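Each protein sequence line maps, in turn, to chains F and C.
Counting in our numbering, the first sequence runs from 14 upward without gaps.
Counting in our numbering, the second sequence runs from 148 upward without gaps.
Where a beta carbon is used, it is the ideal one built from N, C-alpha and C, also for glycine.
Note that the structure is a prediction, hence the values are computed from the model and not measured.
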Amino acid sequence: MNFTHTQSAHCESGVIASLVTHAGLPLSEPMAFGLANALAFAYIPLVKLAGQPLIAYRLPPRFIIKGLCKRLGVKVSFRKFSNPVMGAEALNAAVDRGQPVGLQTSVYYLPYFPEEMRFHFNAHNLVVYGRDGDNYAVSDPVFEEPVTVASRHLNKARFARGPLAPKGLMYQVESLPDKIDYAQVIPAAIRKNCKVMLGAPLPIIGIRGMRYMSRKIARLKGDHHEQRLFLGHIVRMQEEIGTGGAGFRFLYASFLQESAGLLKDEALASASKKMTDVGDEWRAFALSLVQECKQAGAVGTHALAEKLLGCAEKEAEVWRFLQDWSRV
Amino acid sequence: MRFDQVPQDNSSTYAGHKKVLYAQDAAGHYVTVQSSGWAVEEAATCDAVAEYEALAEQARLAVLAKAQSPLLYHMYRSRMDLPLLAQVSGIWRWRIRRHCKPQHFSRLTQKQLQFYADIFDISVAELKTIPGCPA
């Protein structure tokens, strides 16, 4: 099968963008991400990952695919399996029919990942587009080149248990819309995104979530080791987990820029610039977090909290600007 | 971020791979730029890896002292902690804690051992041993 591998910043938006493109509707990763109104922020102290609170810079797994397809009218079929053998058979059947298939997998069991990156994260997405005996041809969007994976490893990764268990989830693009009215879908996506960032009913989501995290940093307890783990965790969630830099802010700025071009809208272009500045601020925040990790007191928790508050207020400004724009 | 500000720090955590970042080119247009790593991100990742390694080493010493069973060592070596292993295996935490004691571990059936070994992606023989102790 001819499948064009495109390296992307984020696995989920990368997979759905390349699947939709393969089906015949050219779509870039930033557009897929932005049209799914996927940018978010959440600090959830009750859900712990390796003892650390859940910090997310985007919507939960599968929301990007579902949100994008709903907005564009692309039909995608999802299947889960209770039995790994049935899951493998369904995958083989689809691949033999010549259809690329998106899969949800666990990073830990994929042998081509660098050793240091293999953590128990169950919501990694990739595309299988071919099969040769016992090996699958896999297009993993965060890698430079397609890879081959033995069926034993792939099955294990598909049926890993634990939080966000994939349960063998596979999905395929079924049909595409006749045409897309960008003048309608782009403002709708931005409007929805503003709502998440500015108007979420919980104080731990959106801009309020950032302020909440800032208060947490200012009141950080425990010895340096515990603080270091927590601060390092923030950096990892923001930079390491395939975000395209600055917790997806650059990816979103790229979406705003592309939209500005499509709609010939100057306001969006300036919003893109502002979002880039916000992203740079987040990068600087990550840098000072690591300085504090390396040496206690190098920056100080209060200064860190102030920095984060700065990011939050700067980003809030962009969202308010976009909100006004999308209302007109 | 401009394309010339994209860090190229050759992070060890990337193992020679490159990751895509979105950055602006000279004209201000967004493009994808490959990055070979960022020292900031590398430091955070290495910290997280080192934490598990330290826990595994502590567990290894405890196993050598016959205070804990190899299960504890393999749990940390697989980058899991107790809540995660409980969730992944479906075994209650207090039972796993019990299986981490040598006297209970030695009474596990072949089937139970195989169950743990599958989760860690190792063989039963490996599950029963730790590095630095052939028995």
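{"query": "Is Val162 of chain F closer than 9 Å to Val155 of chain F when the C-beta atoms are compared?", "result": "no"}
{"query": "When DSSP labels each residue in this structure, what does Tyr169 of chain C get in the three-state scheme?", "result": "strand"}
{"query": "Glu253 of chain F touches chain C at which residues, Cβ-Cβ below 7 Å?", "result": "Glu188, Ala191, Thr192"}
{"query": "Pull up the DSSP beta-bridge partners for Gln401 of chain F, would you.", "result": "Residue 401 of chain F lies beyond the residue range present for chain F, which begins at 14 and ends at 341; the question has no answer from this structure."}
{"query": "Name the residue from F:Pro124, F:Trp338, F:Leu62, F:Ala273 whose alpha carbon lies nearest to the alpha carbon of Pro43 of chain F.", "result": "F:Ala273"}
{"query": "What ranges does the beta strand (DSSP E) occupy inside the stretch 138-179 of chain F, keeping only unbroken runs of at least 3 residues that lie completely in it?", "result": "148-152, 160-163"}
{"query": "Can you tell me whether Gly111 of chain F is buried or exposed? The criterion is at least 16 other CB atoms within 10 Å of its CB, across all chains shown.", "result": "exposed"}
{"query": "Leaving out five residues on either side along the sequence, give the residues of the same chain with a beta carbon under 6 Å from the beta carbon of His18 of chain F.", "result": "Ser152, Pro159"}
{"query": "So is Lys208 of chain F in contact with chain C if we call contact Cβ pairs under 9 Å?", "result": "no"}
{"query": "Quick check: what's the CA-CA separation for Trp241 of chain C versus Ile230 of chain F?", "result": "33 Å"}
{"query": "Given 8 Å as the limit, is there contact between the stretch 179-193 of chain F and the stretch 317-336 of chain F, that is, 3 or more CB pairs closer than that?", "result": "no"}
{"query": "How about Val33 of chain F and Leu81 of chain F: are their beta carbons less than 9 Å apart?", "result": "yes"}
{"query": "Does Ala69 of chain F come out as helix, strand or coil in the three-state DSSP assignment?", "result": "strand"}
{"query": "Please look up how many angstroms separate the CB atoms of Ser13 of chain F and Gln185 of chain F, rounded, as I've assumed it's under 8 Å.", "result": "Within the shown structure, residues of chain F are numbered from 14 to 341, placing residue 13 of chain F beyond reach of any answer."}
{"query": "Whole angstroms are fine: how far does the CA of Ala206 of chain C sit from the CA of Ser216 of chain C?", "result": "9 Å"}
{"query": "For Asp293 of chain F, count neighbouring C-beta atoms within 10 Å of its own C-beta (all shown protein chains included) and say buried if the count is 16 or more, exposed if not.", "result": "buried"}
{"query": "Suppose the cutoff is 7 Å on Cβ atoms and the five residues either side in sequence are ignored; what does the same chain contact list for Arg224 of chain F look like?", "result": "Leu322, Ala325"}
{"query": "If you follow the beta strand (DSSP E) that Tyr177 of chain C is part of, which residue opens it and which one closes it?", "result": "177-182"}
{"query": "Please report the Cβ distance between Ile77 of chain F and Ala49 of chain F, rounded to the nearest whole angstrom; I am assuming they are in contact, meaning their Cβ atoms lie under 8 Å.", "result": "4 Å"}
{"query": "Distance cutoff 9 Å, beta carbons only. Does Pro74 of chain F sit that close to anything in chain C?", "result": "no"}
{"query": "Contact check, Ala284 of chain F vs Phe243 of chain F under 8 Å by CB: the rounded distance?", "result": "Going by Cβ atoms, the distance from Ala284 of chain F to Phe243 of chain F rounds to 32 Å, so no, they are not a contact pair."}
{"query": "Show which residues of chain C have a CB atom less than 9 Å away from the CB atom of Ala63 of chain F.", "result": "Ala195, Glu198, Tyr199, Arg226, Met227, Asp228, Pro230, Leu231"}
{"query": "Taking only beta-carbon atoms, is Glu271 of chain F less than 9 Å away from chain C?", "result": "yes"}
{"query": "Only counting the same chain, and skipping five residues up and downstream in sequence, which positions put a Cβ closer than 6 Å to that of Glu25 of chain F?", "result": "Ile77, Asn138"}
{"query": "According to DSSP, simplified to helix, strand and coil, what is Ala214 of chain C?", "result": "coil"}
{"query": "Spatial neighbours of Lys205 of chain F within its chain, please: C-beta separation below 6 Å, excluding the five flanking residues on both sides.", "result": "Asn50"}
{"query": "At a CB-CB cut-off below 7 Å, which residues of chain C make contact with His133 of chain F?", "result": "Arg226, Met227, Leu231"}
{"query": "Using beta-carbon positions only, say whether Tyr263 of chain C and His246 of chain C come within less than 9 Å of one another.", "result": "yes"}
{"query": "Quick one: measure Cβ to Cβ for Met250 of chain F and Ile57 of chain F, integer angstroms, because I've assumed they're closer than 8 Å.", "result": "About 11 Å; that fails the 8 Å criterion."}
{"query": "Should Val198 of chain F and Ala190 of chain C be called a contact, given that it needs their Cβ atoms to be closer than 9 Å?", "result": "no"}
{"query": "Distance, Cα to Cα, Ala213 of chain F vs Asp109 of chain F?", "result": "45 Å"}
{"query": "Within 10 angstroms of its Cβ, does Pro239 of chain F collect 16 or more other Cβ (buried), or is it exposed?", "result": "The sequence given here has Glu at residue 239 of chain F, not Pro. The residue is exposed, with fewer than 16 neighbouring Cβ atoms inside 10 Å."}
{"query": "Using the Cβ count rule (16 or more neighbours within 10 Å means buried), how would you classify Leu215 of chain F?", "result": "exposed"}
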